[in-house]
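**Student:** In terms of UniProt numbering, the sequence shown opens at residue 1 and continues consecutively.
For each residue, glycine too, the CB sits at the ideal point set by N, CA and C.
Keep in mind it's a predicted model, so treat the numbers as computed, not measured.
Before anything else, here's the structure in question.
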Amino acid sequence: TAVVMIFLARELRLPPGTIGVLLTLGSIGAVLGAVTTSALARRFGQARSALVPFVAACPFGLLIPLAHRGGLLVLFVVGWFGFSFAFTAYNVAGVSLRQALCPPRLLGRMNATMRFLSVGVMPFGALIGGGLDTWLGPRSTLWITLIGELLVPILLLCSPLRTMRDPVPVPAEAAP
């Protein structure tokens with residue numbers, strides 16, 4: 001998000017109020033993504049509802065660095081809204097799936113580990129993003145980041161999520 005702010009402010013030279021409106025539109029997408037997650041689970045199954053949104057997020061994300069002032073700013077709006085919608089739906093579905101598969105007595109450890117892995121790397125991402133932005137500029141940094149994110153759906157499509165519909169929860173007694 002930091003590089004997106006720099007992209008909008010420095011690269012596109014948008015005023016703060018416009019940036020606020022654009023990011024708010026993305027937030028509306030995020031709220032709608034959270035609200036529709038249960039419908040996605042009914043449609044695709046709980047497991048695939050964690051896969052489908054992430055795959056859908058990638059094309060929307062690729063619209064973001066294509067944006068320019070004027071008429072092409074709509075690419076940012078559509079990209080940010082769609083990316084926020086899909087990524088939030090993925091997060092909600094992913095947490096629900098992990099909690100359904102994890103034995104109850106291990107839920108705390110599993111959630112703590114996942115938070116550490118996702119939030120713990122943020123300072124490194126910020127450092128790398130800042131370095132790339134300084135070296136290459138915000139648009140190139142966004143391209144590198146978003147193209148790198150294309151690898152995640154490839155990994156997910158090679159995982160059991162592709163064929164799994166609804167997980168069979170592990171009973172508490174069967175856990176090691």
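#1: Take Leu142 as the anchor and find which of Val152, Ile154, Gly129 has the nearest alpha-carbon.
#2: Taking one C-beta from the stretch 36-50 and one from the stretch 72-92 each time, how about it: are there three or more such pairs within less than 8 Å?
#3: Mind checking which residues open and close the alpha helix (DSSP H) that includes Thr18?
#4: Of the residues Met5, Leu101, Thr24, Leu157, which one's Cα is nearest the Cα of Phe85?
#5: Looking at Leu146 and Leu62, is the spacing between their C-beta atoms short of 7 Å?
#6: With Met122 and Arg98 assumed to form a contact (beta carbons below 8 Å), what rounded beta-carbon distance in angstroms separates them?
#7: Relative to the C-alpha of Val78, which candidate in Ala56, Val52, Ser96, Asp133 has its C-alpha closest?
#8: For Ala100, which option in Arg162, Ala41, Pro16, Thr18 has the closest C-alpha, if you only look at C-alpha atoms?
#9: Give the secondary structure of Cys58 by DSSP, where H, G and I count as helix, E and B as strand, and everything else as coil.
#10: By the three-class DSSP mapping on this structure, what secondary structure does residue 224 have?
#11: Let's see if you can read the secondary structure: which residues bound the alpha helix (DSSP H) around Thr145?
**Tutor:** This is what the structure holds:
#1: Gly129
#2: yes
#3: 16-35
#4: Thr24
#5: yes
#6: About 19 Å separates the two Cβ atoms, so there is no contact after all.
#7: Ala56
#8: Ala41
#9: helix
#10: Not covered by the structure: residue 224. The range shown for the chain is 1 to 176.
#11: 138-149
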